[in-house]
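Asks:
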Amino acid sequence: DAGVTQSPTHLIKTRGQQVTLRCSPKSGHDTVSWYQQALGQGPQFIFQYYEEEERQRGNFPDRFSGHQFPNYSSELNVNALLLGDSALYLCASSFRQALYEQYFGPGTRLTVT
Amino acid sequence: AQKVTQAQTEISVVEKEDVTLDCVYETRDTTYYLFWYKQPPSGELVFLIRRNSFDEQNEISGRYSWNFQKSTSSFNFTITASQVVDSAVYFCALSEGYNDMRFGAGTRLTVKP
């Protein structure tokens, strides 16, 4: 049973560029949530996708956007990258938006130079 | 609003010592879930335990034990006879079910041989 997978593992971008991160949920899950973990901090909730719509959103600017596909996989897009966007981006999946039972992926480490 | 506080930023112990990681939370909901995660240097969040607000029973799993006290809004984690492999960052988290999961800032545990 495949768990949550994320790609790429690492990514280096330049300020002002745009980036797309990808996540495939655990088999049987239909909800994907994204978290940003800056160095030395706990993960912070970005948003959640369910039934191909953004259902909840944390305190992140509109530069952060996402998408969920019919197969439940998801993308996180960040536009106009800032140095402060450098972080580990974690994807978590669950069933029917149940955040109390979610499984995390290994993360994508984004470095903005 | 929900909030999780892990007052201990870093803890260093010698192997075989017992160590307790503190977690204090705030929530207005009567139904909520508390979690502990371990994050080794690889970055992936490893789920350790989930406890719902209606179950105050303490739990023991091998060398790990958890003490949940609603009266003090605390959910502390104890490692007995610590080992070098326990070295990691540990996060306490709170979820009000279908709302975003809120993480503490984490406690970095170093176990020295």
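Top to bottom, those sequences are chains V and R. Residue numbers 1 to 113, in my numbering, belong to the letters of the first sequence in order. Residue numbers 1001 to 1113, in my numbering, belong to the letters of the second sequence in order. Built from N, CA and C at the ideal position, the CB exists for glycine as well.
Give a yes or no on whether 8 Å exceeds the smallest Cβ distance from Asp-1022 of chain R to chain V.
Replies: no
Asks: Would you check if the segment 1068 to 1079 of chain R and the segment 1020 to 1030 of chain R touch, i.e. whether three or more CB-CB distances between them fall below 8 Å?
Replies: yes
Asks: In terms of alpha-carbon separation, which member of R:Glu-1010, R:Arg-1063, R:Gln-1069, R:Arg-1108 lies closest to Gln-1057 of chain R?
Replies: R:Gln-1069
Asks: Using a Cβ-Cβ cut-off of less than 8 Å, list which residues of the segment 55 to 74 of chain V approach chain R; keep chain order.
Replies: Gln-56, Gly-58
Asks: Mind pulling the chain V residues with CB within less than 8 Å of Phe-1091 of chain R?
Replies: Correct list: Gly-42, Pro-43.
Asks: Which residue from R:Asp-1018, R:Val-1111, R:Ala-1001 puts its Cα closest to that of Arg-1063 of chain R?
Replies: R:Asp-1018
Asks: Considering only the alpha carbon of each residue, which of V:Gly-40, V:Gln-41, V:Asn-59, V:Leu-21 lies closest to Val-32 of chain V?
Replies: V:Leu-21
Asks: Here's the rule I'm using: 16 or more other beta-carbon atoms within 10 Å means buried, otherwise exposed. How should His-115 of chain V be labelled?
Replies: A query on residue 115 of chain V cannot be resolved here, the shown segment of chain V reaching from 1 to 113 and no further.
Asks: With DSSP run on the structure shown, which of helix, strand or coil describes Lys-1070 of chain R?
Replies: helix
Asks: For Tyr-100 of chain V, which residues in chain R fall below 9 Å Cβ to Cβ?
Replies: Contact annotation for Tyr-100 of chain V against chain R: Tyr-1032, Tyr-1033, Phe-1035, Arg-1050, Asn-1052, Ser-1095, Glu-1096, Gly-1097, Tyr-1098, Met-1101 [CB-CB distance below 9 Å, chain order].
Asks: According to DSSP, which residues form a beta bridge with Tyr-50 of chain V?
Replies: V:Thr-31, V:Glu-53, per the DSSP bridge assignment.
Asks: Buried or exposed for Pro-43 of chain V, going by 16 or more other Cβ atoms inside 10 Å?
Replies: buried
Asks: Between the alpha carbons of Ile-1116 of chain R and Leu-1045 of chain R, how many angstroms are there, rounded?
Replies: Summary: the structure shown does not reach residue 1116 of chain R, with chain R confined to residues 1001 through 1113, and so no result is reported for it.
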